[in-house]
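Chemist:
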RNA sequence: UCCUGAGUAGCUCAACGGUAGAGCAUUCGGCUGUUAACCGAAGGGUUGUAGGUUCGAAUCCUACCUCAGGAGCCA
């Protein structure tokens with residue numbers, strides 16, 4: 007019985023006979039020789055089967071094998087300069103677990119396909135090289151995020167998905183029935199709860215899915231996406247910016263170090279990522295407006311940056327940029343106004359380069375109880391819904407802040423993708439709930 | 001919700017008022033080094049749906065459906 011290995015380990019078993027379980031990725035044949043390409047989720051390896059060195063029935067069954075059939079190939083690993091991976095396997099025996107029927111062949115053929123077709127077959131599309139690479143990079147990014155916070159004194163404290171009311175009162179929430187006629191809403195941010203846990207643990211982060219029922223239909227939007235939200239007691243805006251930058255630099259470094267192969271599959275220009283080394287350009291909102299107007303944007307002071315504006319700004323810099331001090335009027339009620347200029351708030355957005363736009367939003371929160379009550383009233387929000395939140399300002403209030411990073415936008419940027427829909431295994435979008 | 005564009009073979013597309021075609025996939029045949037292999041053959045279609053204009057509609061018009069991109073909103 008030959009040792010069972012995975013394709014990634016092939017280099018360690020040169021000139022040894024091993025068994026590799028997997029799926030048939032593609033098959034080329036030429037009379038008395040066939041080249042089955044095996045896929046096992048860790049990589050691809052081309053196998054070589056000669057008619058002259060195999061029993062007739064084994065050779066024939068291999069010759070007529072269909073795409074994505076499951077099988078276990080046993081044979082000898084050989085270093086091969088002509089092979090893309092550097093190694094090949096000379097077939098000695100084959101066990102076919104299931105041959106995919108010719109009447110109903112695997113739908114995703116080696117030629118190009120349209121978006122709708124691929125999304126309808128997302129459960130199969132994930133088997134492709136490219137999708138595999140994206141999900142592996144996503145995994146690396148998530149590992150890096152957790153590792154960063156875990157090694158910098160943060161405690162993971164996850165926040166609820168069912169919430170009784172809107173966090174910020176602005177974005178559209180998904181409503182669900184919660185027993186006896188009560189309504190609950192799916193969380194659109196864990197931040198308010200993280201403010202509570204930060205007062206209990208000092209530095210915390212939550213990491214989970216968030217839900218937004220906005221009818222946004224662009225390459226940057228999902229209705230269900232994953233967000234990591236650190237929150238720090240005794241932190242001001244400058245500290246929030248410092249942590250956000252350090253985290254982004256760390257994530258990019260980790261991906262460059264550990265996911266070279268995947269970035270190659272994605273044909274990502276890694277020089278763009280290697281430029282992300284820290285010292286992110288910082289602009290005030292005022293500067294950003296001036297800059298945009300000089301570059302032909304119609305934007306006026308007081309409005310939020312549009313997608314086109316973000317592109318104009320970020321294309322001028324090699325690194326992500328940090329824009330802070332947005333008009334208080336367009337920001338959430340809990341955002342700390344600048345004491346010297348109350349018309350702007352101590353919030354910051356991090357915009358990724360190459361036109362990828364906002365990946366992080368955050369800032370310093372209001373810690374003064376009187377000011378918080380005033381802002382709740384100004385936003386027309388019911389005080390009683392925020393009683394527990396107001397408590398945080400009654401019992402030992404301290405300056406604090408944090409940010410949220412959308413994982414999918416970060417993955418799209420680092421992978422260099424056109425659309426966030428490929429950054430999560432089963433994307434949920436406006437008009438896309440299946441599979 | 002609004003704006004723009006697209007729906008033709010299982011898939012990707014061509015034909016743009018006059019008998020609906022190619023590549024891939026599938027089947028059969030050929031090839032001992034193929035790299036989205038190649039060569040030959042076969043099967044595969046109420047042209048998104050419903051109306052309308054016309055001698056004649058995949059093609060022109062209307063409505064609806066589906067999808068894509070963008071806007072607003074946002075991470």
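Residue numbers (the working numbering): 7 to 441.
Ideal placement from N, C-alpha and C gives every residue a C-beta, glycine not left out.
(1) According to DSSP, simplified to helix, strand and coil, what is residue 307?
(2) Got a sec, what are the start and stop residues for the alpha helix (DSSP H) residue 150 sits in?
(3) Given this structure, state the Cα-to-Cα distance separating residue 316 from residue 8, to the nearest angstrom.
(4) Would you mind giving the Cβ-Cβ distance between residue 367 and residue 409, rounded to the nearest angstrom? I have them listed as a contact below 8 Å.
(5) Applying the criterion that 16 or more other CB atoms from any shown protein chain within 10 Å of the CB defines a buried residue, is residue 325 buried or exposed?
(6) Check whether the Cβ atoms of residue 178 and residue 436 lie closer than 8 Å to each other.
(7) Within 10 angstroms of the Cβ of residue 85, are there 16 or more other Cβ atoms? Answer buried if so, exposed if not.
(8) By alpha-carbon positions, which one of 186, 181, 212, 254 ends up nearest to residue 220?
(9) Could you tell me how far apart the beta carbons of residue 351 and residue 369 are, in whole angstroms, since I believe they sit closer than 8 Å?
(10) List, from N- to C-terminal side, the beta strand (DSSP E) runs of 3 residues or more that fit wholly inside the region 16-101.
(11) Enumerated in chain order, which unbroken segments of the beta strand (DSSP E) with a length of 3 residues or greater are wholly contained in the region 201-244?
(12) What does DSSP give as the partner residue(s) for residue 116 in the beta ladder?
(13) Along the beta strand (DSSP E) that carries residue 184, what are the first and last residues, could you check?
(14) If we count the other Cβ atoms within 10 Å of its Cβ and call it buried at 16 or more, is residue 22 buried or exposed?
(15) Considering only their Cβ atoms, is the gap separating residue 290 from residue 331 smaller than 8 Å?
(16) So if DSSP puts residue 327 in a beta bridge, which residue, or which two residues, is it bridged to?
(17) Does the region 122-136 come within contact of the region 240-247, defined as at least 3 CB pairs closer than 8 Å?
(18) Could you tell me the boundaries of the alpha helix (DSSP H) in which residue 272 lies?
(19) How long is the line joining the alpha carbons of residue 296 and residue 309, rounded to whole angstroms?
(20) From residue 5 to residue 424, what distance separates their C-alpha atoms?
(21) Starting from residue 193, trace the alpha helix (DSSP H) both ways and give me its first and last residue.
(22) Check whether the region 12-29 touches the region 46-62, taking contact to mean three or more Cβ pairs, one atom from each stretch, closer than 8 Å.
(23) Given this structure, state the Cα-to-Cα distance separating residue 156 from residue 162, to the nearest angstrom.
(24) Check whether the region 78-95 and the region 118-127 touch, using three or more Cβ-Cβ pairs below 8 Å as the test.
(25) Counting Cβ pairs, one atom from each stretch, are 3 or more of them under 8 Å apart for the region 393-407 and the region 198-208?
(26) What span of residues does the alpha helix (DSSP H) with residue 314 cover, start to end?
(27) Do the CB positions of residue 428 and residue 147 come within less than 8 Å of each other?
(28) To the nearest angstrom, how far is it from the Cα of residue 223 to the Cα of residue 420?
(29) Going by CA-CA distance only, name the one from 312, 301, 252, 293 that's closest to residue 283.
(30) Confirm, please, whether the CB-CB distance from residue 373 to residue 238 is below 8 Å.
(31) In three-state terms, what does DSSP make of residue 364?
(32) For the beta strand (DSSP E) that residue 409 lies in, which residues bound it at each end?
(33) State the CB to CB distance for the pair residue 202 and residue 71, rounded to an integer number of angstroms; the pair is presumed to be in contact (CB under 8 Å).
(34) Grab the span of the alpha helix (DSSP H) containing residue 387 for me, first residue to last.
(35) So, residue 104 versus residue 59, is the Cβ gap smaller than 8 Å?
(36) Please classify residue 163: does DSSP put it in a helix, a strand, or coil?
Modeler: On the basis of the data shown:
(1) Residue state, collapsed to three classes: coil.
(2) 135-156
(3) 56 Å
(4) 6 Å
(5) buried
(6) no
(7) In summary, residue 85 is exposed, with fewer than 16 beta-carbon neighbours lying within 10 Å of its beta-carbon over all protein chains present.
(8) The shortest C-alpha to C-alpha distance from residue 220 to any of 186, 181, 212, 254 is the one to 181.
(9) Rounded, the Cβ-Cβ distance is 7 Å, consistent with contact.
(10) 23-36, 39-45, 50-56, 76-85
(11) 209-217, 230-239
(12) DSSP, once it has assigned bridges, lists no residue as partnering residue 116.
(13) 181-184
(14) exposed
(15) yes
(16) 357
(17) no
(18) Here residue 272 belongs to no alpha helix (DSSP H), and DSSP marks it neither H nor E.
(19) 13 Å
(20) Any question about residue 5 goes unanswered here, given that the chain covers just 7 to 441.
(21) No alpha helix (DSSP H) holds residue 193; DSSP gives it neither H nor E.
(22) yes
(23) 8 Å
(24) no
(25) yes
(26) 313-320
(27) no
(28) 22 Å
(29) 252
(30) no
(31) strand
(32) 406-412
(33) At roughly 58 Å, the Cβ-Cβ gap does not stay under 8 Å, so residue 202 and residue 71 are not in contact.
(34) Here residue 387 belongs to no alpha helix (DSSP H), and DSSP marks it neither H nor E.
(35) At the C-beta level, residue 104 and residue 59 stay beyond 8 Å of one another.
(36) coil
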